[in-house]
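Visitor: Here our numbering is used: the first residue of the sequence shown is 230, the next is one more, and so on.
We put the CB at the ideal spot given by N, CA and C, even for glycine.
Please read through the structure below; I'll follow up with questions.
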Amino acid sequence: KGEALDRAARKLEDYGIRNAVLNAGGDLNVIGVHSDRLWRAGIRHPKNWGVIATLELQPGEVLYTSGNYERFLEHEGVRYSHIIDPRTGWPVKHIVSASVLGRNGADADAAATALSVAGPKDWFRIARRMGVKYAMLVDDQGRIYLNPAMKARIHLKDEKNSVIRLSPRLF
230 KGEALDRAAR
240 KLEDYGIRNA
250 VLNAGGDLNV
260 IGVHSDRLWR
270 AGIRHPKNWG
280 VIATLELQPG
290 EVLYTSGNYE
300 RFLEHEGVRY
310 SHIIDPRTGW
320 PVKHIVSASV
330 LGRNGADADA
340 AATALSVAGP
350 KDWFRIARRM
360 GVKYAMLVDD
370 QGRIYLNPAM
380 KARIHLKDEK
390 NSVIRLSPRL
400 F
């Protein structure tokens, strides 16, 4: 999906489109600005309807989220993610949403999936290795994991009642 949106954004720019949002299932690529302000986006809450956080996107930025709240298999009361951990062959556990803000949709899309697989203990190392500057994850207990750069960019809807785990500085 990320590569497709990247190509679509380039094509729109080739046609002279200077301001637009491309949205494919909640994954966003932005071109330019919205009138006289930056584009604003919400990160969907993985457990409830609505948003868990909002942020402004700079021209040319992308926001991609992988999660188990739209695509999943439910069997005997257990929800299984569509994201498979290649180390085990089983659906990922623990991370229900991983969002990556960046400048390339293909990279952000891949990184969001990789961070979902990495889980709450290893996500920041994988993010560093992949060059991800902005990341936010939510685990199955509702805890929010952020790196410092992402914490500076987002506005959590209910920060006072959120359990936040801040990673070491990535960059």
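(1) The beta strand (DSSP E) that contains Val401, what's its start and end?
(2) From the DSSP output, in three-state form, read off Leu267 for me.
(3) Using the beta-carbon count (16 or more within 10 Å), is Asn252 buried or exposed?
(4) Judging by CA-CA distance, which residue of Lys276, Trp268, His304, Ser295 is the nearest neighbour of Pro288?
(5) Can you tell me whether His274 is buried or exposed, with buried defined as 16 or more other CB within 10 angstroms of its CB?
(6) Give the straight-line distance between the Cα atoms of Tyr298 and Glu290, rounded to the nearest whole angstrom.
(7) To which residues does DSSP link Trp278 through a beta bridge?
(8) Return the first residue and the last residue of the alpha helix (DSSP H) that Arg401 is part of.
(9) What are the boundary residues of the alpha helix (DSSP H) that includes Val346?
Guide: Result, derived from the coordinates:
(1) Past the boundaries of the shown model lies residue 401; the chain is included only from 230 to 400, so the question cannot be answered.
(2) Taking the sequence shown and counting its residues from 1, the one referred to as residue 267 is at position 38. Here Leu267 sits in coil by DSSP.
(3) Locating residue 252 in the sequence shown gives position 23, counting from the first residue. When all chains shown are included, Asn252 counts as exposed.
(4) Start at 1 with the first residue of the sequence shown, and residue 288 comes out as number 59. Ranking the options by Cα distance to Pro288, first place goes to Trp268.
(5) Start at 1 with the first residue of the sequence shown, and residue 274 comes out as number 45. Per the 10 Å Cβ criterion, buried.
(6) Reading the sequence shown from its first residue, position 69 is the one you call residue 298. Reading the sequence shown from its first residue, position 61 is the one you call residue 290. Their Cα atoms are separated by approximately 24 Å.
(7) Locating residue 278 in the sequence shown gives position 49, where the first residue counts as 1. Answer by DSSP bridge pairing: none, since Trp278 is not bridged.
(8) What the structure shows of the chain is the stretch from 230 to 400, and residue 401 is not part of that stretch, so it cannot be assessed.
(9) Counting from 1 along the sequence shown, the entry for residue 346 is found at position 117. Val346 -> alpha helix (DSSP H) spans 334-359.
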